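Asker: This structure is in structure tokens; I'll ask about it shortly.
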Amino acid sequence: MKKIRRRLEKERDQKEAAIRMEAQAAQIAADAVYMSNLKQAISNSVSNAEIKVVVTEDKKKAFVLIEGNEKTVTEEHILKTLEENNVKTGIDTDLVKALAKGQNRDELLTIAEHKIPTRGDDGYYEFLFETDNENKFILNEKNQMDFSNVSWFIKTHRGQPLAIYHPADPGSDGFLVDGTVLNGIPGKDKPVLKGEGFTLLGDNKTYIAGIDGCVSFRNGQLIVDRLLELGDQTDASDDIDFNGCIYIKGDVRGAVKINATADIAIDGFVENATLESMGNIFVRDGANGNGEASFSAFGMVAGKFFESVTINANEIIGNHFMKCCLKATDKIISYTKICGGVVSAGKSVEAVDIGNRNYIFTQVSLGNTKKEERFDCMDEIREVDKQLSMLQNALDDMKKRYRPEVRNAMPMFLKLENAVYTKSNEQKELYKQLEAFDEKNRKLKDSKLIVHGIMYEGTVVMINDDKLEGRKLSNVIISNPDHEMRIDYCE
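Note that our numbering has the sequence shown beginning at 13, numbered continuously upward.
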């Protein structure tokens with residue numbers, strides 16, 4: 013296959029080279045014809061007996077021809093002739109001097125050329141901290157996550173410069189040979205940074221930290237969060253509820269409850285704790301929750317390993333998961349295995365191995381697993397449609413029976429109008445919810461399970477409510493695009 017591909021690529025390159033050569037030859041021939049016609053036009057010109065000038069129709073070039081060496085032509089004479097032919101800018105002064113010295117006679121020469129206007133550089137932000145810090149982990153030589161040298165937060169202090177804005181360049185003007193100005197194209201300016209925890213100085217360019225804490229640039233926003241740094245947390249420790257990021261430099265042992273409005277990062281090991289974050293949760297040494305630990309995050313939950321832990325997040329990433337209950341809006345990635353438990357993701361689950369040779373029960377669910385919510389929404393729509401129809405009929409009946417000046421003073425009519433308005437808005441909201449359900453389902457239609465190693469017999473796969481079980485498969489991608497389980501093999 014590689015030889016065939018190389019041969020096809022070689023043939024393609026040869027065809028492209030032949031096409032380019034033909035195009036170049038055609039352009040050379042066209043230029044020769046153009047210059048011949050232009051020289052003829054200059055020869056027929058009567059603009060000046062000694063100096064003949066022709067300007068192209070688009071006024072991008074001017075050509076000159078001085079015939080014979082018997083007469084002296086001065087620089088002033090040449091420049092005056094150019095001016096008489098409305099050639100004012102882009103003049104080649106070195107060529108003018110050469111012609112005045114008797115050089116380049118009887119040659120058709122370009123004496124003036126237009127200048128193309130340039131587009132200015134776009135505005136940009138210069139960040140004074142490392143912004144490429146979204147993936148806080150690396151993969152080692154075993155293709156497993158390695159947190160050993162990860163720094164969780166970028167600390168900052170109040171008043172520290174964080175970013176400097178460099179405005180867009182206006183671009184440079186161009187011109188035609190007759191002096192017409194061609195305006196430069198200004199670059200695009202960036203909008204003012206959004207976010208929180210910072211101050212924009214009076215120069216409208218410099219952003220500084222407004223509080224002590226940690227800084228990040230995520231989802232297009234500059235964020236400075238407060239940072240709480242702690243040591244080991246145990247049963248004896250108080251529960252933590254903090255507005256900002258929490259950094260625990262030790263272990264979290266026992267049934268401790270920790271809540272943060274931003275990221276939670278733990279250097280050590282976690283036992284049966286409850287962690288809730290409106291950002292991400294990172295656990296360097298992993299977690300064994302004894303069936304009691306619960307982690308919930310709006311963003312990512314990532315750690316070395318997780319055993320007997322319930323996790324809810326947008327993304328869940330780890331080396332291995334053992335007897336966990338995982339629920340991800342987007343995806344779940346295991347760099348070794350998912351063994352036991354129940355795993356659910358909206359778009360994808362990816363692992364090396366799933367289950368084990370002892371047939372441990374492992375369930376993987378993907379795609380649309382909430383059809384009942386859509387059915388409930390449809391039931392509500394039908395009920396609201398029925399109620400709205402009854403109200404609208406009653407309102408229409410009153411409009412037929414009473415003149416506007418009479419019915420507009422009737423409390424019953426006013427109540428009916430208000431009820432129709434309220435119910436109509438309720439109907440619109442329900443249809444919006446239904447549309448949101450359908451749009452989500454369209455996106456989840458392509459959900460898939462990717463197994464780079466072995467999926468053992470004890471694994472049950474549910475994709476969009478269709479089931480595949482009792483099969484041992486290796487190196488496969490399992491999907492269900494049209495309610496028919498499809499198994500493709502990885503390359």
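Note that the Cβ used here is the ideal one computed from N, Cα and C, for glycine as well. Bear in mind that the values here come from a model prediction, so they are computed numbers and not experimental data.
In whole angstroms, what separates the C-alpha of Ser160 from that of Ile166?
Answerer: The sequence position of residue 160 within the sequence shown is 148, counting from 1. The sequence position of residue 166 within the sequence shown is 154, counting from 1. Just so you know, the alpha carbons of Ser160 and Ile166 end up roughly 17 angstroms apart.
Asker: Do Lys343 and Ala357 count as a contact pair if the criterion is CB distance below 9 angstroms?
Answerer: Residue numbering aside, residue 357 sits at position 345 when the sequence shown is read from its first letter. Residue numbering aside, residue 343 sits at position 331 when the sequence shown is read from its first letter. Result yes, Cβ atoms of Ala357 and Lys343 sit closer than 9 angstroms.
Asker: Check whether the Cβ atoms of Leu378 and Leu485 lie closer than 9 angstroms to each other.
Answerer: Taking the first residue of the sequence shown as 1, we reach residue 378 at position 366. Taking the first residue of the sequence shown as 1, we reach residue 485 at position 473. It is not a contact, given that the beta carbons lie outside the stated cut-off.
Asker: Indicate whether Gly186 and Ile128 have their beta-carbon atoms separated by less than 9 angstroms.
Answerer: Position 174 of the sequence shown, counting from 1, holds the residue named residue 186. Position 116 of the sequence shown, counting from 1, holds the residue named residue 128. It is a contact, given that the beta carbons lie within the stated cut-off.
Asker: Is it the case that the Cβ atoms of Asp237 and Ser228 are separated by a distance below 9 angstroms?
Answerer: Here residue 237 corresponds to residue number 225 of the sequence shown, with the count starting at 1. Here residue 228 corresponds to residue number 216 of the sequence shown, with the count starting at 1. Yes, these two residues count as a Cβ contact at 9 angstroms.
Asker: By the three-class DSSP mapping on this structure, what secondary structure does Thr322 have?
Answerer: As a first step, residue 322 must be located in the sequence shown, where it is residue number 310. In this structure, Thr322 counts as strand in the three-state DSSP scheme.
Asker: Please determine, among Lys71, Glu241, Asn195, Pro179, the residue with the shortest C-alpha to C-alpha distance to Asp201.
Answerer: Locating residue 201 in the sequence shown gives position 189, where the first residue counts as 1. Here the closest residue by C-alpha is Pro179.
Asker: Three or more beta-carbon pairs under 8 angstroms between the stretch 422–435 and the stretch 383–403, yes or no?
Answerer: yes
Asker: So the beta strand (DSSP E) His178 belongs to, where does it begin and stop?
Answerer: Mapped onto the sequence shown, residue 178 falls at position 166. First-last of the beta strand (DSSP E) with His178: 173–178.
Asker: Determine whether the beta carbon atoms of Ile278 and Asp297 lie at a separation below 9 angstroms.
Answerer: Numbered from 1 along the sequence shown, position 266 holds the residue referred to as residue 278. Numbered from 1 along the sequence shown, position 285 holds the residue referred to as residue 297. Yes, the Cβ-Cβ distance between Ile278 and Asp297 is below 9 angstroms.
Asker: Tell me whether Tyr347 is buried or exposed, calling it buried when 16 or more other Cβ atoms sit within 10 Å of its Cβ.
Answerer: Along the sequence shown, read from residue 1 onward, the residue named residue 347 stands at position 335. With 16 or more other Cβ atoms within 10 Å, it is buried.
Asker: Using C-beta distances below 6 angstroms, list every residue in its chain close to Ile345, excluding the 5 sequence neighbours before and after it, in chain order.
Answerer: Numbered from 1 along the sequence shown, position 333 holds the residue referred to as residue 345. Excluding sequence neighbours, Ile345 sits near Ile329, Glu362.
Asker: For Lys316, does the three-state DSSP call read helix, strand or coil?
Answerer: Taking the first residue of the sequence shown as 1, we reach residue 316 at position 304. Three-state DSSP puts Lys316 in a strand.
Asker: Within the continuous beta strand (DSSP E) that includes Ala305, where are the two ends?
Answerer: In the sequence shown, residue 305 corresponds to position 293, counting from 1. Element bounds for Ala305: 299–309.
Asker: Roughly how far, in whole angstroms, is the beta-carbon of Gly132 from the beta-carbon of Ile197, given that I think they are within contact range, below 8 angstroms?
Answerer: Indexing the sequence shown from 1 puts residue 132 at position 120. Indexing the sequence shown from 1 puts residue 197 at position 185. At roughly 7 angstroms, the Cβ-Cβ gap stays under 8 angstroms, so Gly132 and Ile197 are in contact.
Asker: So, do the stretch 259–270 and the stretch 280–291 have three or more beta carbon pairs nearer to each other than 8 angstroms?
Answerer: yes
Asker: With DSSP collapsed to three states, give me the class of Glu87.
Answerer: Here the question's residue 87 lines up with position 75 in the sequence shown. Reduced to three states, the DSSP call for Glu87 is helix.
Asker: Pull up the distance between the alpha-carbon of Val58 and that of Lys72, whole angstroms please.
Answerer: Indexing the sequence shown from 1 puts residue 58 at position 46. Indexing the sequence shown from 1 puts residue 72 at position 60. Its pLDDT being 42, under 50, Val58 is placed unreliably in this model, and the value from its coordinates should be taken loosely. Answer to the nearest angstrom: the Cα atoms are 21 angstroms apart.
Asker: By the three-class DSSP mapping on this structure, what secondary structure does Ser57 have?
Answerer: As a working mapping, residue 57 is identified with position 45 in the sequence shown. Low local confidence applies: a pLDDT of 49 at Ser57 is under 50, so the model's placement there is unreliable, with the coordinate-based value given in what follows. Coil, per DSSP.
Asker: What residue range is occupied by the uninterrupted alpha helix (DSSP H) comprising Thr218?
Answerer: Here the question's residue 218 lines up with position 206 in the sequence shown. Unbroken run through Thr218 is the beta strand (DSSP E), 218–221; no alpha helix (DSSP H).
Asker: Determine the direct distance from the alpha carbon of Leu194 to that of Gly183, and round the result to whole angstroms.
Answerer: Taking the first residue of the sequence shown as position 1, residue 183 is located at position 171. Taking the first residue of the sequence shown as position 1, residue 194 is located at position 182. Answer to the nearest angstrom: the Cα atoms are 11 angstroms apart.
Asker: Distance check for Lys316 and Glu469, CA to CA, integer angstroms please.
Answerer: Within the sequence shown, the letter at position 457 stands for residue 469. Within the sequence shown, the letter at position 304 stands for residue 316. Distance between the alpha carbons of Glu469 and Lys316: 26 angstroms.
Asker: Tell me whether Lys14 sits in a helix, a strand or coil according to DSSP, three-state version.
Answerer: For the purposes of this step, residue 14 is taken as residue 2 along the sequence shown, with counting starting at 1. The pLDDT assigned to Lys14 is 44, lower than 50, so where the model puts this residue is not dependable, and the model offers no usable value.
Asker: Taking Gly102 as the reference, give the member of His126, Leu94, Lys92 with the closest Cα.
Answerer: Residue mapping note: residue 102 aligns to position 90 of the sequence shown, counting from 1. Looking at the Cα atoms, His126 is the closest of the given residues.
Asker: How would you call Tyr219, buried or exposed, if buried means at least 16 neighbouring beta carbons within 10 angstroms?
Answerer: As a working mapping, residue 219 is identified with position 207 in the sequence shown. That one is buried.
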